[in-house]
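There are 4 protein chains.
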Amino acid sequence: MQSQPVSIFERAFKKLVPGGLEAVGRRGSDIMNIAADLPEADITAVKEWIDNCLAQNGGQVEARNRAAMLGRAYLKLSVTGKTRFLGLLAEHYGVNESSVEKAIDQWHNAKSSQKTEAAQALRRALEPSRTALLKQFNGVPSGVKFLVDMRDELLTFCKDYPALKSLETDLQDLLATWFDIGLLQLEEINWHSSAAMLEKLIAYEAVHAIKSWNDLKNRLDSDRRCFAFIHPNMPDEPLIFVEVALVNGLAGNVQKLLDEDAPTQDIDTADTAIFYSISNAQRGLAGISFGNFLIKQVVKKLRDEFPQLKQFATLSPIPGFRRWLENTTAEQLAHLPGGEQWLSYPPPRDPVLANQTDTTGGQQEAILKLAASYLCSTKPDSGRANDPVAHFHLSNGAQVARLNWMADTSDKGLKQSAGLMVNYLYELPKIVHRSQQYTSIGAVSQSSAIKKLLK
Amino acid sequence: MQSQPVSIFERAFKKLVPGGLEAVGRRGSDIMNIAADLPEADITAVKEWIDNCLAQNGGQVEARNRAAMLGRAYLKLSVTGKTRFLGLLAEHYGVNESSVEKAIDQWHNAKSSQKTEAAQALRRALEPSRTALLKQFNGVPSGVKFLVDMRDELLTFCKDYPALKSLETDLQDLLATWFDIGLLQLEEINWHSSAAMLEKLIAYEAVHAIKSWNDLKNRLDSDRRCFAFIHPNMPDEPLIFVEVALVNGLAGNVQKLLDEDAPTQDIDTADTAIFYSISNAQRGLAGISFGNFLIKQVVKKLRDEFPQLKQFATLSPIPGFRRWLENTTAEQLAHLPGGEQWLSYPPPRDPVLANQTDTTGGQQEAILKLAASYLCSTKPDSGRANDPVAHFHLSNGAQVARLNWMADTSDKGLKQSAGLMVNYLYELPKIVHRSQQYTSIGAVSQSSAIKKLLK
Amino acid sequence: MQSQPVSIFERAFKKLVPGGLEAVGRRGSDIMNIAADLPEADITAVKEWIDNCLAQNGGQVEARNRAAMLGRAYLKLSVTGKTRFLGLLAEHYGVNESSVEKAIDQWHNAKSSQKTEAAQALRRALEPSRTALLKQFNGVPSGVKFLVDMRDELLTFCKDYPALKSLETDLQDLLATWFDIGLLQLEEINWHSSAAMLEKLIAYEAVHAIKSWNDLKNRLDSDRRCFAFIHPNMPDEPLIFVEVALVNGLAGNVQKLLDEDAPTQDIDTADTAIFYSISNAQRGLAGISFGNFLIKQVVKKLRDEFPQLKQFATLSPIPGFRRWLENTTAEQLAHLPGGEQWLSYPPPRDPVLANQTDTTGGQQEAILKLAASYLCSTKPDSGRANDPVAHFHLSNGAQVARLNWMADTSDKGLKQSAGLMVNYLYELPKIVHRSQQYTSIGAVSQSSAIKKLLK
Amino acid sequence: MQSQPVSIFERAFKKLVPGGLEAVGRRGSDIMNIAADLPEADITAVKEWIDNCLAQNGGQVEARNRAAMLGRAYLKLSVTGKTRFLGLLAEHYGVNESSVEKAIDQWHNAKSSQKTEAAQALRRALEPSRTALLKQFNGVPSGVKFLVDMRDELLTFCKDYPALKSLETDLQDLLATWFDIGLLQLEEINWHSSAAMLEKLIAYEAVHAIKSWNDLKNRLDSDRRCFAFIHPNMPDEPLIFVEVALVNGLAGNVQKLLDEDAPTQDIDTADTAIFYSISNAQRGLAGISFGNFLIKQVVKKLRDEFPQLKQFATLSPIPGFRRWLENTTAEQLAHLPGGEQWLSYPPPRDPVLANQTDTTGGQQEAILKLAASYLCSTKPDSGRANDPVAHFHLSNGAQVARLNWMADTSDKGLKQSAGLMVNYLYELPKIVHRSQQYTSIGAVSQSSAIKKLLK
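As C-alpha cells, then:
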C-alpha cells in the first residue's frame, strides 16, 4: 500500500469545525504521545480515547474530531504498533455476547407480530461496537481513504494475525455500503484531467504498465478513451479504470496498440472500441466489485459519443494459460483439441519458443487450439471458467471471439499468457442472455472462429 | 409529500446501460400492466418480478434495470395499490426464520475463536431479503430520491397499517447509511444558485414561510447567507438548510430582519451572525439528524469569510411556550419566577393581548420571566428541555441568551410563541463543555440576562 | 436602462490590488466630493483626476484603481452631472489636431517603403485620448458592464446633446472589439441556471413578455431549449438569447406554444425546432450584431443533441405589417396579390376584426396574400426587405415558409402583425446560397405555399 | 515556436456551424491544393480566397468558416510558402492610399463641428484591409492561438524580410486589444491542474528550467503557489506565470528552494512569500505586458489566503551583471564602491572562481558592492536601470533589498549573474510612491543593507 503521511489529517483538521486540531489537540495530549510500538503502558490511553469517541460526549462533531485525532495517532505507529492497535479493536470492540444472548431469547419469545422487531433488535446487538467508531471517519476529511488504506494493511496483517480477520471483514462490509455503485461517478480521464489523478493511473495500472508521462499521454490521445469510477469522498483516487482504443476491426497486438510512434486513428471512421486494460486501483476495496458496471456504462458512453461504433471488445491477457499448460498431464492434453498435435513435438515444448522454431505453423495451430480449450472450459466444482479474466468477462455476458498469436510480447505476456491474447466480444443485445447462460449452466459463448479451433 | 411523476424513471432509463427502458420494457410487460389498485390477480406478477431482481439473473446491471422498472410500476399505483405493494415487501421479503434459527445454533456452538464469524453469519441471516432490493435503487438515477419519498409515504401509511412499520424502519436504517454526514456536501445557496434549487427553498422553508421570489432574493442579499447539506445523488434537493443574517448585535425581531425594504447591512462591519431559520427539507429522512453538523460547519465557514464576527446566535421561536402556559396550573405557575405576578392580572390572561393592555410593563415582565422558566426547565423523566427547539440548541452546546418581546408577530408566532423569540448563543470555546453538561446532567447554560429574569 | 448602484464599484474595489478602495480613497477625496450636478467649480477636480489616470503615474494597476474611483463618482451624478461629465470627455479628450496635421505631413512625405509605418502613426494620432481612459475600465471588475450601461445612457443623451455623438461612436468601436463573437460563450439556459441569470431573461425578453417565474419555468421545460451569448466579464448578463420549442411540424400559434397547461412534448419524437423568440438584452451594445451567429450555433447544438430533428424554423412576428397595410394606398394595393380582393370589402377594412366578420374566409385569404407580398418585397433603394424581422432572417439565409392566421392574439400581436405570424425556415444546405442571393440581388426565397399566395 | 499541427483546425471545423469542414471543403478545393512553397501559380487562388473572406459573401458565419480553411492551408505551407503568404498580406492588403487621401481632404475641409466625425472616417480609412481578415480568426476555435503563433513566426521572419514588419505590428495591435488585462483570468496552478496545462509550465519556464514532472510536483507542493494569466480563448495556455515559495524570512538560494528533498514548510507559520520565477510563455505576445498586474494580483491573493504573511519579495537573477562587469573599464570601476578593492586582486579577476579563491572574504565583499552599484544605477539616456530584471521590478514599485552570494550555482546562474541573486521587496504601502519616483526621476529605492554596500 502507499502509506499515508500523517499530514493528511493535519489538513483534515483545518476543515473540521470548530476549533480544529489545536482545540482537540489540547484535549488530546495523551493520544498524541503514545509510542510508535504501542507498548502495553499506552494501551489504556488508547482505550480511553476510543471509549470517548464512542460515548459521543460533547456532541457528534466533537466525536469526529476525536476520531480524526485517533487516526492521526494511528498513522504515526510502526507496523508492530498498528497490529497491536488493530488487535485491540478486533478483540475488545466486538459484540457483547450477553446482549446477544438476551436478544436471542427475546427473538425466541417474540409473538409472530413482534418477530420483525425482535429480528431488528438482534441484528443491532450483533453489530460490533467498533463499527460506530469506524463510521465516524466518514465525517473526517480524508477519513474514507484512511479506512480504505487501513483495510489494505489489514489484508496484509491478517496473514500473520488471523485474529484481525473479523475486523477486516467488518471493514469490508462497511466499505461495501459506502462504495455502493450508485454513489460512484463515472469520470472520463484525459490529458485535461488533473496531474493528481493521472499520477494515480501510472501508479495503479496493473495490466500493461505505464512507463512514463509520455506513455500516459499517448494512451489519452484523441483516438483513446479512459474512464474511471470515483467516490465523492476520494476525488483524486480512481477506484477502477478502463483504457479503450478506438480502432478499425479487432485489435490483435497490444504493443502495436501502445506504440507511441504509431499514427493517430481518425476517430470518425473507427468502428471498434477495444477495452485493452482494466485495473482495480484500491487494494483496500478488494472483494467489492465494480468492473461489470464500468464496462457497461462505458459502452453506453461510447455509443453516445460515437454512434458509428459497430463492435465493443476487449484485448485481454490469458494469465493462467501457461501455468495450466505446464500443469496439465500429457494424458489430459491428449483428449483436448490440439493436444495430440502439441504432444507430437519433441520436448521441451515451449509455446514461447514456438514462435522461432515453428516453421510449419503446426505448433502455433496446436497452441491456439489448446488455448481455446482452456478459455472455454469451466471448473467442475464451481462451474467457473478456469481463467480468472475469462470468468470476469463471461459472467458479464461476453463471448470468446478471437485468439491472437504473439499479441503481447512483454516479459509478463510471454510468461503468463505465452504471448497470446484474446478478444472478448460484448454484443449488446446478447449480453443478458449470455450472462444468464454462463452463470446458470456454465455455458461459454464462442465465436465461429473459436468453435473451429475446438473441432 | 410531493408525489413524483412516473417520468423520473423514464429519464433514468435513458441513462441506464445498455438498451434502456425499451430493452427492459420488452421483458417487463407483465409488471407494466398491473392495475392501479394492485388486485390479488396481479400480485403474482409483482412477486415474480421482485424475485428476478433479487436473483440478479443476467447480471447486476440488468438487476438494476429491473428495479427501475419496478419503481416505475410503483409510481403508477393508487394509494391502495401502494399499501398492498409495500405490505407485500413487509410480509414476504423479511428474514427467513429457519435460517436465523440455524445461525443461532451455530453461534451457540461456536468455539471462542469462531464466535466473531458466527456473529457475522447470524447478522447476515437477520438481514431481510427486501434490503437487497431496496439497495438496487441506489444504482438507478433518481432512485435515492425515490426511496426517500417512499419512506415519506410509509410514515403516513404506517398510521393505518402498523404492519408496514418494519419496512419503514429498514428503510430508515438504509437511508441513514447513505445519508451519513460524511457523504454530504455543505453548499452555499445564493442568488447564483440554480432556480431548481431555489424553488425547493421556497417549498421547504418551515419556520418563516418564503412568500415570493422577491422575498427569497431578499433573504439571499449580500448581507445574508444560506447553506444547505446536499447529497450527491440528489443534487437539486436540499436536505436541511439554514438562513443567516449578518447584523450588528443580537437581532430581536424577525419581521424587521425579513423586511424587503430594509437597507442592506454593510457586511464588513457586521459583528454578529444570526441563524434565523433552520428547516429540514425531506420528511423521508425523519430521524436522521443533520442540524448539529450544519450549524457548526456554517460557523466555521462564516468565521473564514468574516474574521471580524464576534457572535454566533440564533433568533428562534419558542413553539411550545403558549401551549405550556395554558396547560400549566395556577398552582404550578405560582412557584415559578413571574408566576404570581402573572396570576395577579385578571383573566383572561392572554400574553398576545398583553401587548395592547399592558400599560405598565408588568405583564411583559411576568411573561418574559415565565418564558425564561419554560426555556430553562427540563422534563423530569428524560432530562430534555421542555421546548423542542431549546433541546436542539442546548444539546448542540448553545446558551439561552436573550428573550425578545413582540419579536415575531406573524399568526404562527403569536399563536405558538406568544410573539416571543429567543436568541441562543453559540460561544465556540464553550460549546463542547455546555453540550456535555446539558446531555449528562440537564444543565442549561443561561446568560446573566436570563439569570436575572429567573431570580 | 437599469441604472447601476454605486456599490458595483465598491465590490469591485475589494477585488482590486493592492490596498483597494480605502487606499485609493485617501488619495481620491477630491473626486468623491464632487456635487451631483457637476458644477463648473468641480470640473477642474475631474479633469485633474482624468489626467492622472491617463498619465499612468504610479503604474498601470494604480491607474485602473483610479479609473474605478472615477466610475464610482460618475454613478453618483445626476443626469445633468452625467451629461456634463460626458461632454467633458467628448470635447476635451478627443484627438490633438496639430498632432494629426503633423502625422498627415509625414504620411505625405513618406517614401513608398515608409508608407505603412506612416499610416500606423497617423492612425495612432487619430485615436482620441479618452479611448485610453475608457480602456482602463476593462481591468476593473464590473467595468465592462459599466461602459455598456454608459453607452445605453449616451444613446439617450445624444438626442438632446448631439456633441456626445462622437463619444458614443468611440464607445461603440471599443465595445465592438471586446464583444467580438470569438470572445463570447454560447451558454444553455435552463431551470438549472442561476436565478441571477434567469431574472435577466424575465427583464429582457422583448418579443413575448415573460409574465412570471412559472411562465419562465414552462419555457425551460424538457421540450424547450434556451441559449444565450455571454461575455466572460459579464457572467450573469445574457447579451442576446433565443428561445426554442421542440415540436412536431411547424408551430403556428404562439399562445398555444406558451400555454403553461399544455402537455410536454416527448423530445425523442420531436422533428422540428421552432425559434420563437430572439431578444437583444443590452441596449448599450446596439449596432453590434450577434443574432446570425446565435441562430447558427444553436442549430449546430440542437442537431448534436437531437439527430432526429428534420426542420429548423422560426415562429416570428411581422411587426411592420399592419402599419404597412394602413399606409399603402388603395392604388398600390390593387396591384398586389389579394389587393383587389381586400379592397372589395367595405371599410373599415380591419384585419383584426376580420377574424370575427369573415364568414367566407375571403378576408383571411386576401390578408394572407397581402402579408406574403409585404414579406417578400424589398425596398427599392436598399434592396432590404420591408419588414425588419424578415430582413434579419433573409440575410441569414432563411426562407419565407408559411403564414399563420390568428397566430398571436396578444395585444401587441394584433396591433403590429394583425395577429399573423410567419415561419422562416432554415434549410442548412441552402443557407449560404440563399444568404448570398438575398444580399446581392434582394432575392427572397419562398416556399411553394408562399408562392401560391403570391400568384 | 511550437508549430501547430494542421489538425487544430480540423477539430475546429467540427465545432463550427453549420456543415463544418466538409461543407466548406467542397467549396474550398482550390485553397487546399496549393503547393507547400506557394508558387506564383497558386497565388491567385489564395488571393481569391482572401477576397471572398473579406467580402463576407454568404454571411459572417460562412466567412469565418472560410478563414478557418485558409488557416488550415497556411499551416501546411513550408517556411518559404509562409513568407510568401505573409508577404502577400503585408503588401496587397494594406491601406488604400487614395481612400486615405480622400479622407485627409475631408478632414481638412471639415467644419469644427464635423472634425470628430472626419477623424473617425480617416482612422477607418487607415485601417489595413487585412485587419478584417485577421479578426475573423477570433471566431474560429483555436484561431486566437493560431494568430499568436503566427506573430511568433513573423518575429522570426521579419529579420530576413523587413517588409513583413507592418503586418507584425498590425498583429501586435490586434492582439493587444484581445489580450487586454481585463479579459484575462488569474488562475492558480497546482497539482490539481490539468496535465495539458502543466506540461506547458515545463515547456515555458524560462528562469529556472523544470527538469521533470517530479521537479514540477515539488514546485507545486503545499508550501508553494503558482499563478498564471489565462485567456478564455486559449484555456490550456498560460500567458505568463509566477512561482512562489512560502518561507520564513527572505530566501537566499534558489537551489535550496528547489531541492526536491528539502522538507515542506508549514505554511501556517510562513511569514514571507518569495516570487522566484516569472516567465512569459507566449513569444507571439511579446511587447504586451502582464507582469505588473500578475505580481500585484498574486500579492492580493496570497494576503487573502495567508493573512500572517509579512513580506513579499522576489529571489531574482541579475542577468546582466557579469557581462557588465567584464565590459566596464578599470577606470570606470575604480569610481564605484568596491571597485578599487576588486581591482586590487590580480587578474584574472573572476567572480565565479572567487568562491574558491576568496580566503578572506574580500573578493566577495567587492563583488557584492559592485553588484549593488550595477543594480542601482540607471542608463543616462533612458533613466532605466541597467539590468532588465531590475527595471521590471523597480518600475513596479519594488525596492532593491538584499544581495545573496552563491545563490544560483547553475551554469546559467554563474555565467550571467556570477552566482548572485537579489531580493526585490514589495512593500505594499510604498509601491505606488516608489514606482512614481523610479519612473519620473529614476530613483532606485534601496534597503539599508544595500545602502551600506554602496557606501
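Residue numbers (my numbering), protein chains in the order written: chain V, 1 to 455; chain X, 1001 to 1455; chain Y, 2001 to 2455; chain E, 3001 to 3455.
Note that the Cβ used here is the ideal one computed from N, Cα and C, for glycine as well.
Find the residues of chain V that neighbour residue i, judging by a C-beta separation of less than 8 Å, and give them in chain order.
i: S1435 of chain X; result: G58, G59, E62
Alpha helix (DSSP H) containing residue i: first to last residue?
i: L3454 of chain E; result: 3448-3454
i: D2105 of chain Y; result: 2097-2109
i: M69 of chain V; result: 60-75
i: I2189 of chain Y; result: Note, I2189 of chain Y: premise wrong, no alpha helix (DSSP H); beta strand (DSSP E) at 2185-2189.
Use the C-beta contact count for residue i: other C-beta atoms within 10 angstroms, 16 or more gives buried, fewer gives exposed.
i: N2292 of chain Y; result: buried
i: L3021 of chain E; result: Model confidence at L3021 of chain E stands at a pLDDT of 46, short of 50, so the residue's coordinates are unreliable and nothing is read from them.
i: N2233 of chain Y; result: buried
i: A3418 of chain E; result: buried
i: I1441 of chain X; result: exposed
i: D413 of chain V; result: Note that residue 413 of chain V is Gly in the sequence shown here, rather than Asp. It is buried - the Cβ of G413 of chain V has at least 16 other Cβ atoms within 10 Å.
i: K3296 of chain E; result: buried
i: V1100 of chain X; result: buried
i: S3373 of chain E; result: buried
i: N2327 of chain Y; result: exposed
i: P141 of chain V; result: buried
What does residue i touch in chain X if you count any residue whose Cβ is under 8 Å from its own?
i: D180 of chain V; result: K1135, N1138, G1139, W1178
i: S477 of chain V; result: Because chain V spans 1 through 455 in this model, residue 477 of chain V falls outside it and cannot be assessed.
Tell me, to the nearest whole angstrom, how far the beta carbon of residue i is from that of residue j; I am working on the premise that it is less than 8 Å.
i: V1244 of chain X; j: F1275 of chain X; result: 6 Å
i: R1151 of chain X; j: L1175 of chain X; result: 7 Å
i: S3277 of chain E; j: E3205 of chain E; result: 7 Å
i: T2116 of chain Y; j: D2170 of chain Y; result: Actually they do not touch by this definition, with Cβ atoms about 25 Å apart.
In chain E, which residues lie less than 9 Å from residue i when you measure between Cβ atoms?
i: N2386 of chain Y; result: The contacting residues do not exist; N2386 of chain Y stays about 21 Å from chain E at best.
i: P2232 of chain Y; result: L3183, Q3185, P3232
i: N2396 of chain Y; result: G3059, V3061
Interface residues of chain X around residue i at Cβ under 9 Å?
i: F293 of chain V; result: V1017, Q1060, V1061, R1064, G1139
Below 8 Å on C-beta distance, what does residue i contact in chain Y?
i: H1208 of chain X; result: Here the premise fails: no neighbours, minimum Cβ distance about 19 Å.
Check for me: the beta strand (DSSP E) holding residue i runs from which residue to which?
i: Q2399 of chain Y; result: 2399-2404
i: I3278 of chain E; result: 3272-3280
i: I230 of chain V; result: 224-230
The segment 1243-1272 of chain X: positions lying closer than 7 Å to chain V by Cβ: Within the segment 1243-1272 of chain X, no residue has a Cβ that lies closer than 7 Å to any Cβ of chain V.
Members of the segment 115-130 of chain V that neighbour chain X once the beta carbon cut-off is set at 8 Å: Against chain X - using a Cβ distance shorter than 8 Å - the residues of the segment 115-130 of chain V are K115, T116, E117, A119, Q120, L122, R123, L126, E127, P128.
Near-chain X residues of the segment 2189-2205 of chain Y (beta-carbon distance less than 7 Å), N- to C-terminal order: From the segment 2189-2205 of chain Y, only W2191, H2192, S2193, S2194, A2195, A2196, L2198 have a Cβ closer than 7 Å to chain X.
Within 7 Å of chain E by C-beta, residues of the segment 2159-2171 of chain Y in sequence order: Across the segment 2159-2171 of chain Y, CB contacts with chain E closer than 7 Å involve S2166, T2169, in sequence order along the chain.
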